[in-house]
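Under the working numbering, the first residue of the sequence shown carries the number 10, and numbering increases by one thereafter. Each residue gets a CB set at the ideal place from its N, CA and C atoms; glycine is no exception. Data block below; observations after.
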Amino acid sequence: MLWVNVKRIIRSGFLNFGRNAFVSLSSVLVMVITLCTIGALIFVSAILNASLQEIRDKVDINVYFITTAPEADVITLQKTLESMPEVALVTYTSREQALEDFKKRHENDETTLQALEELGENPLGASLNVKAKNPAEYQGIADYLSNESTLSTDGTSIVDKVNYYQNKVAIDRLTSIIDSAERLGSVLTVVLIVISVLITFNTIRLAIFISREEISIMRLVGANSFYVRGPFVVVGTIYGVVAAIFTLLLFYPITFWLGGATENFFIGLNIFEYYTTNFGQIFIIILLSGMAIGALSSYLAVRKYLKV
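In structure tokens, the structure reads:
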């Protein structure tokens, strides 16, 4: 009996969707705008994350060693740093590589190269470039490098300089920017989604208002709340599915058109490639969002006309 009622409700929902074509079209268009807002938030979030990751990648600290530091001690320190949970990557540059890099940077500076040649020896020490998983962790890493952990086997310090302290202001500022951007993005996402859902709810409520007399008659003849509300929930779900399909189709030309611009202006992130690569995930988010918003809005909107 229950399954028979469910089939009747679904059939009635599809009939109502087709019968009220203008109302259905209006509701679908409003939901398309809502889902486009949700989709836009997905793309903006991707751009923001790519930009923030680029900023994170630019934040690092360099550990410069004295020229007499034994290579074995430097390698040991590198392995120790790599084992720390807060460290993402440690890159070792030998004295020879440092000298080669220096010559390349000054290949057009004859005076500097000549002075280096007259010196007769390599004045540069080895170095380690350290990248943390979180910019807030650099203070702890720098403190670790400043204690006895950087002593060589003979008890002398092998570290010449840690540039964190020279760059501390810039690192702290970038960390603050990253945290503020993430918080702002979260707040804007919630606000825009709430506004979009409210607009959709009011549109569907207006569509149900047109059927208020039909609801009253159904209640008078003894129809229960489930049977009265069911077709409208089905219609709302259909609104969401149709709107999701239109939204996903609309995203294709829009992201294709904006792809080149986003790649040039936002750290190489091509929004069209992001859309096609993550289409499955975006499809599920948009479809489920549309169905949930449509069904929930219909469920809440029809309550006003149920004398329960």
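- Message: One question on the structure: do isoleucine 150 and glutamate 95 come within less than 8 Å of each other, judged by their Cβ atoms?
- Response: yes
- How about the region 281-293 and the region 69-85: do they share at least three Cβ pairs that are nearer than 8 Å? no
- Message: Can you tell me where the beta strand (DSSP E) holding alanine 97 begins and where it ends?
- Response: 96-102
- Message: Quick check on the DSSP output: what are the complete alpha helix (DSSP H) runs of length 4 or more inside the region 100-138, in order along the chain?
- Response: 104-114 and 119-128
- Where does serine 92 sit, in a helix, a strand or coil, going by DSSP? coil
- Query: Going straight from the alpha carbon of valine 37 to that of alanine 252, what length do you get?
  - Reply: 5 Å
- Task: Decide if valine 311 is buried, meaning its Cβ has at least 16 other Cβ atoms within 10 Å, or exposed.
- Result: buried
- For leucine 297, which residues from the same chain have a beta carbon less than 8 Å from its beta carbon, with the 5 sequence-adjacent residues on both sides left out? none
- Looking only at DSSP bridge pairs, what is asparagine 279 linked to? For asparagine 279, which the question treats as bridged, DSSP gives no partner whatsoever.
- Message: Measuring CB atoms only, is the region 97-107 touching the region 137-151, in the sense that at least three cross pairs come out at less than 8 Å?
- Response: yes
- Message: Is it buried or exposed, isoleucine 217, if we count other Cβ atoms within 10 angstroms and call 16 or more buried?
- Response: buried
- Message: Taking the beta carbon of serine 307 as the centre, do at least 16 other beta carbons fall within 10 Å, making it buried, or is it exposed?
- Response: buried
- Task: Per DSSP, which residues does isoleucine 263 bridge with? Please list them.
- Result: Bridge partners of isoleucine 263: none, in fact.
- In terms of DSSP beta bridges, what is tyrosine 73 paired with? Ser136 and Lys170
- What do you get for phenylalanine 241, buried or exposed, if any count of 16 or more other CB atoms within 10 angstroms of its CB means buried? buried
- Task: Tell me whether glycine 299 is buried or exposed, calling it buried when 16 or more other Cβ atoms sit within 10 Å of its Cβ.
- Result: buried
- Task: Return helix, strand or coil for alanine 141, following the three-state DSSP convention.
- Result: strand
- Query: Looking only at C-alpha atoms, which of Val171, Ile47, Ser60 and Ile254 sits nearest to phenylalanine 274?
  - Reply: Ser60
- Message: Only counting the same chain, and skipping five residues up and downstream in sequence, which positions put a Cβ closer than 8 Å to that of leucine 193?
- Response: none
- Message: Is it buried or exposed, asparagine 156, if we count other Cβ atoms within 10 angstroms and call 16 or more buried?
- Response: exposed
- Integer Cβ distance of tyrosine 283 from alanine 55, believed to fall under 8 Å: 5 Å
- Message: Are the CB atoms of threonine 286 and arginine 278 within a distance shorter than 8 Å?
- Response: Reading off the sequence shown, one finds leucine at residue 278, where the question assumed arginine. Taking 8 Å as the Cβ cut-off, leucine 278 and threonine 286 do not qualify as a contacting pair.
- For leucine 57 and isoleucine 75, the rounded distance between their alpha carbons: 40 Å
- Query: What does a CB cutoff of less than 6 Å around leucine 108 pick up in its chain, not counting 5 residues either side in sequence?
  - Reply: Asn131 and Leu133
- Task: Determine the burial state of tyrosine 147: buried for a count of at least 16 other Cβ atoms within 10 Å of its Cβ, exposed for fewer.
- Result: buried
- Task: Out of Asp118, Phe111 and Ile302, point me to the one whose CA is closest to arginine 214's CA.
- Result: Ile302
- Message: Here's the rule: buried if 16 or more other CB atoms are within 10 angstroms of the residue's CB, otherwise exposed. What is aspartate 69?
- Response: buried
- Roughly how many whole angstroms lie between the Cα atoms of leucine 309 and valine 203? 15 Å
- Item | Nonlocal neighbours in the same chain, by C-beta distance under 6 Å from isoleucine 47, ignoring five residues either side | Ser298
- Query: Rounded C-beta distance between threonine 212 and valine 39? I'm assuming under 8 Å.
  - Reply: 4 Å
- Query: By how many angstroms is the C-alpha of arginine 238 removed from the C-alpha of isoleucine 208?
  - Reply: 21 Å
- Same chain, Cβ closer than 6 Å to isoleucine 280, five either side skipped, listed in chain order: Phe52, Thr264, Leu267, Gly268 and Thr271
- Item | Assigned secondary structure, threonine 165 (DSSP; H/G/I helix, E/B strand, else coil) | coil
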